[in-house]
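Asker: Below: one structure in structure tokens.
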Amino acid sequence: MTNAEVEKALQYEIGSEGGGGGPDTPDYWYNVSGLKVWVGWHVRAHREKPTWQGAATVAMARQVYGIRSEAMHPQMSLF
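Take 101 as the starting number for the sequence shown in our numbering and just add one per residue.
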């Protein structure tokens, strides 16, 4: 997948915004605008700098989900 394809897939999956957390788990919040993701024990998304944003979010998604780029593993030509 290209970076543009990964970005488009993330935008689709994230939706507009959301998040979650619990008493014994880290909080997380995400916003599709700029592919911003906040992670921490007490996330205040509108007051803090995002943990990942834009290209960093795409890079983290590649690492977490094992998404390869064409540059990393070019497809062999059949001819």
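Glycine included, each C-beta is placed from N, C-alpha and C at the ideal position.
Does any heavy atom of the ligand COA sit closer than 7 Å to the C-beta of residue 170?
Answerer: Among the components modelled here there is no ligand, and therefore nothing to report on the ligand COA.
Asker: Hey, how far is the Cα of residue 167 from the Cα of residue 158?
Answerer: Their backbone Cα atoms lie some 10 Å apart in a straight line.
Asker: Would you give the residue range spanned by the beta strand (DSSP E) that residue 149 belongs to?
Answerer: It is not in any beta strand (DSSP E) - residue 149 carries neither H nor E in the DSSP assignment.
Asker: Using the beta-carbon count (16 or more within 10 Å), is residue 150 buried or exposed?
Answerer: Of the residues assessed, residue 150 falls on the buried side of the cut-off, its CB having 16 or more other CB atoms within 10 angstroms.
Asker: Apart from the five residues on each side of it in sequence, which residues of its chain come closer than 6 Å, Cβ to Cβ, to residue 117?
Answerer: Apart from sequence neighbours up to five positions away, the residues of its chain that approach residue 117 with a beta-carbon distance below 6 Å are 131, ordered along the chain.
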